[in-house]
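In what follows, a single structure is set out as structure tokens and then discussed.
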Amino acid sequence: MPNKNYRKGASFESRFLAQLLKYGDAVKGGRFYASKGVTDVWWVDEKGHHNEAQLKFSSKTKPYISPSEMQKLELFATDMDGKILVWIVKKQSRKRMIMERVF
231 MPNKNYRKGA
241 SFESRFLAQL
251 LKYGDAVKGG
261 RFYASKGVTD
271 VWWVDEKGHH
281 NEAQLKFSSK
291 TKPYISPSEM
301 QKLELFATDM
311 DGKILVWIVK
321 KQSRKRMIME
331 RVF
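Residue numbers (the numbering used here): 231 to 333.
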């Protein structure tokens, strides 16, 4: 059985994608297996742009992204050169979600 943090993260990723699809912000989307890559989820928006995001969820403290992980995201965004829009999505329990684009 997966650990508690894995279940929380996977649940947040699924809710995030369901919300994008429900409100028409995405036409299609999915999770990357076990979140082993640079990003956790992908989706195609209504304009046909491919998006990928790293999601961070925390129930008690502010969501944290390590400097090395941020560096990997920035390098990935630079390599994609606008072909894929890269995002960081932060969510603290019972607070609004914050989406920031990585350049």
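Beta carbons are placed, not taken as given, at the ideal position from N, Cα and C, and that holds for glycine. As the structure is a prediction and not an experimental result, all values here were calculated from the model.
Can you tell me whether residue i is buried or exposed? The criterion is at least 16 other CB atoms within 10 Å of its CB, across all chains shown.
{"i": "T291", "result": "exposed"}
{"i": "K336", "result": "The structure shown does not extend to residue 336, since the chain is modelled only from 231 to 333, so the question has no answer here."}
{"i": "I328", "result": "exposed"}
Less than 8 Å between the C-beta atoms of residue i and residue j, yes or no?
{"i": "P297", "j": "K286", "result": "no"}
{"i": "V271", "j": "E304", "result": "no"}
{"i": "L247", "j": "G259", "result": "yes"}
{"i": "A256", "j": "V274", "result": "yes"}
{"i": "E282", "j": "I318", "result": "no"}
{"i": "S288", "j": "Q249", "result": "no"}
Report the three-state DSSP secondary structure of residue i (helix, strand or coil).
{"i": "M310", "result": "helix"}
{"i": "K292", "result": "coil"}
{"i": "G239", "result": "helix"}
{"i": "K302", "result": "helix"}
{"i": "A256", "result": "coil"}
{"i": "R324", "result": "coil"}
What residues match up with residue i in a beta bridge as DSSP calls it?
{"i": "E330", "result": "I318"}
{"i": "L285", "result": "V319"}
{"i": "R261", "result": "V271"}
{"i": "H280", "result": "V274, I314"}
Using CA coordinates, which residue listed in the options is at the minimum distance from residue i?
{"i": "V405", "options": "A307, R237, S323", "result": "Shown here, the chain extends from 231 to 333; a query on residue 405 therefore has no answer."}
{"i": "K252", "options": "V268, Y263, K234, E276", "result": "E276"}
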